[in-house]
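Asker:
Chains as they are written, first to last, in the UniProt record's numbering: chain A, 1 to 201; chain B, 1 to 201.
Right, dumping it as C-alpha cells:
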C-alpha cells in the first residue's frame, strides 16, 4: 500500500518537475523531434519550439557589420505555427532600425536550449541548428496577417501585450529566401522555402 | 510515518529534477549574476557562463546577407575567462569561410538559456543580452594564444578534442571593437572594449 502511494507520488513529482522545467525555459516539448532525415519537418520543429532566436541585420552604425540581436518570435499559436517568424520590435532597439534601412536579414535558432541535445555539444551536427535568411519586412498593422501575427506573438509571449505603448512596438516578419539546416553529419540539408512552408509531417 | 516518507521522497525527486535540468542545459550557475549596474561585469558573466552563441558573418553566398550560425565558444577555463571568445571551426561550415573573406563579425549571447531569467520574456530588457562586434581572426596555431584558446575550448567542450582531424578544425577569435549590452530598462549600456576586458568584479 505504502509502495503504491509512493509510486503515485513519484509520477506526480516527476510530472510537476517536468512542467516547472518547461515553464522556466518557455519551451513546450509536447511535439517530438522529427527524424533528422525529414529536414523540412525538423526546421519547422525548431521554429515552432523555440520562443527566441538571434535576428541578424546589417548595422548601419557599425560599418555594415552583421549585427545579431536576441529577439522573441512566434510563427503561430502553440501547435499551429506556419513557419514564418514574426517579431514585436521597437525602433528604439537597433535591429528594427537597421532592417528598415537594409532588409537583408537572418534568424538563427538552435536545438540546444530546448534541452533535447542532452550532453551533446551545441556545435555537434546532431544538435540541430537553423538559419533562415531573407528579407526583414514591416507587417501592415491593418492587415489580416498582422492579426494572425499578433495572436501568434501574444500567445507565446504573454507579457508583450503590456509592453509600453510609448515605445511604438510594431510587427515585423522575415520573408524566407534561403534555409540553412544542420541536423546530422554530412553538411547542411538542402530545403527550399516551399518545402519548408509545406513540410510532410 | 507515511507522511514523513513522502516528504523525504518529495525532496529527493525535487533535487533529482533540479540536477537533471541543469545537466541537460549544460549550464554552470556557480558564479552569481552581477548587479545590472555593473555593465562590464554583466557582459563578462554572459560570455563566461554561456557555452554557445550565434556567430554572425557576411554571407558571400547569399548576396552579402548577415548570416548567423550557432557555434560553441570559450573565453577561458571555467572561472578563468578573459572575455575574448575563441571558436573551433572548420571551413566546411560557412561561417569560418565567410569570416576569412570579410572579417566583419559579431557574437550574440543571451541570459535566457542560463535559466536565470525565470518567467521573464527573452526580449524583456531585464533578461540580459549581449552582442560583441569586431573582426573575425584566425589564431596562429603555433602561438601561445592558440595554446590558451585550445585549453579554453577543450575544457568547456570536451568532445571537441575527438572531432575528425580530416575536417581541419582551426582556432578563430573575435577581436572586439564594439559592445552592445542590454541588461535593464533604459537602452543599451555604454561599455568600451577596455572596460569589458578589465571589469571591476
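For each residue, glycine too, the CB sits at the ideal point set by N, CA and C.
From the beta carbon of residue 68 (chain A), is the nearest beta carbon of chain D less than 8 angstroms away?
Answerer: Any reference to chain D falls outside this structure, whose protein chains are A and B.
Asker: Under the DSSP definition of a beta bridge, which residues are partnered with residue 104 (chain A)?
Answerer: A:135
Asker: What is the residue span of the alpha helix (DSSP H) that residue 45 (chain B) lies within?
Answerer: 39-49
Asker: Please list the partners that residue 92 (chain B) has in chain A, where partner means a Cβ-to-Cβ separation under 9 angstroms.
Answerer: 187
Asker: So, at 7 angstroms on beta carbons, what are the nonlocal neighbours of residue 154 (chain A) in its own chain, with the 5 sequence-adjacent residues on each side left out?
Answerer: Around residue 154 (chain A): 160, 161.
Asker: Under a CB-based cut-off of 8 angstroms, is residue 129 (chain B) close to chain A?
Answerer: So yes, residue 129 (chain B) belongs to the interface.
Asker: Please tell me whether residue 49 (chain A) and residue 114 (chain A) are closer than 8 angstroms, where the distance is taken between their beta carbons.
Answerer: yes
Asker: With a cut-off of 8 angstroms, do at least 3 Cβ pairs link the stretch 85-101 of chain B to the stretch 56-72 of chain B?
Answerer: yes
Asker: Can you grab the Cα-Cα spacing for the pair residue 150 (chain A) / residue 171 (chain A), in whole Å?
Answerer: Distance between the alpha carbons of residue 150 (chain A) and residue 171 (chain A) is about 8 angstroms.
Asker: Put residue 29 (chain A) into one of helix, strand or coil per three-state DSSP.
Answerer: Model confidence at residue 29 (chain A) stands at a pLDDT of 43, short of 50, so the residue's coordinates are unreliable; what they give is reported in the following sentence. DSSP places residue 29 (chain A) in coil when its eight states are reduced to three.
Asker: Are the CB atoms of residue 98 (chain B) and residue 59 (chain B) nearer to each other than 8 angstroms?
Answerer: yes
Asker: Applying a beta-carbon distance threshold of less than 8 angstroms, which residues of chain A neighbour residue 195 (chain B)?
Answerer: Under the 8 angstroms cutoff, chain A gives no residues; its nearest Cβ is about 18 angstroms from residue 195 (chain B).
Asker: Determine whether the Cβ of residue 44 (chain B) lies closer than 8 angstroms to any Cβ atom of chain A.
Answerer: It does not: the Cβ of residue 44 (chain B) has no partner Cβ on chain A nearer than 8 angstroms.
Asker: Using a C-beta to C-beta distance shorter than 7 angstroms, which residues of chain A count as neighbours of residue 64 (chain B)?
Answerer: 104
Asker: Scan the stretch 71-90 of chain B for residues whose Cβ lies nearer than 7 angstroms to a Cβ of chain A and list them as they occur along the chain.
Answerer: 71, 72
Asker: Within the continuous beta strand (DSSP E) that includes residue 166 (chain B), where are the two ends?
Answerer: Counting along the chain, residue 166 (chain B) falls outside any beta strand (DSSP E), and DSSP gives it neither H nor E.
Asker: Among residues of its own chain, excluding the 5 on either side of residue 152 (chain B), which ones have a beta-carbon nearer than 7 angstroms to its beta-carbon?
Answerer: 74, 75, 76, 77, 86
Asker: Whole angstroms is fine: what's the gap from residue 187 (chain A)'s alpha carbon to residue 51 (chain A)'s?
Answerer: 26 angstroms
Asker: Could you work out which residues of chain A lie near residue 157 (chain B), taking near to mean beta carbons separated by less than 8 angstroms?
Answerer: Near residue 157 (chain B) (Cβ distances below 8 angstroms), the residues of chain A are 121, 123.
Asker: Are residue 196 (chain A) and residue 81 (chain A) close, meaning C-beta to C-beta below 8 angstroms?
Answerer: no
Asker: Beta-carbon separation of residue 46 (chain A) and residue 128 (chain A) under 8 angstroms?
Answerer: yes
Asker: Output yes if chain A places a C-beta closer than 8 angstroms to the C-beta of residue 113 (chain B); else output no.
Answerer: yes
Asker: Comparing alpha-carbon positions, which option in A:38, A:199, A:175, A:124 lies nearest residue 72 (chain B)?
Answerer: A:124
Asker: Taking the CB atoms as reference points, tell me whether residue 148 (chain B) and residue 174 (chain B) lie closer together than 8 angstroms.
Answerer: no
Asker: Using CA atoms only, rank isn't needed, just tell me which of A:133, A:198, A:37, A:180 is closest to residue 63 (chain B).
Answerer: A:133
Asker: Do you know how far the Cα of residue 131 (chain A) is from the Cα of residue 185 (chain A)?
Answerer: 17 angstroms
Asker: Could you tell me whether the Cβ atoms of residue 167 (chain A) and residue 121 (chain B) are closer together than 8 angstroms?
Answerer: no
Asker: Measure from the C-beta of residue 191 (chain B) to each C-beta in chain A and report whether the shortest distance is under 8 angstroms.
Answerer: Under the Cβ criterion of 8 angstroms, residue 191 (chain B) is not counted among the residues facing chain A.
Asker: What does the Cβ neighbour count give for residue 53 (chain B), buried or exposed, with the cut at 16 atoms within 10 Å?
Answerer: buried
Asker: For the stretch 158-180 of chain B, which residues have a CB atom closer than 9 angstroms to at least one CB atom of chain A, in sequence order?
Answerer: Per Cβ criterion, the list reads 158, 159, 160, 163, 177, 178, 180.
Asker: Of all Cβ atoms in chain B, is any one closer than 8 angstroms to the Cβ of residue 52 (chain A)?
Answerer: yes
Asker: Given this structure, state the Cα-to-Cα distance separating residue 104 (chain A) from residue 178 (chain A), to the nearest angstrom.
Answerer: Here the C-alpha atom of residue 104 (chain A) lies approximately 11 angstroms from the C-alpha atom of residue 178 (chain A).
Asker: Relative to the alpha-carbon of residue 229 (chain A), which residue among A:164, A:138, A:41 has its alpha-carbon at the smallest distance?
Answerer: In this structure chain A extends from 1 to 201, so residue 229 (chain A) is not present and cannot be described.
Asker: Helix, strand or coil: how does DSSP classify residue 185 (chain A) here?
Answerer: coil
Asker: Less than 8 angstroms separating the beta-carbons of residue 182 (chain A) and residue 43 (chain A)?
Answerer: no
Asker: Look up residue 172 (chain A) in the DSSP assignment and say whether it is helix, strand or coil.
Answerer: In the structure shown, residue 172 (chain A) sits in a strand (DSSP, three-state: E or B).
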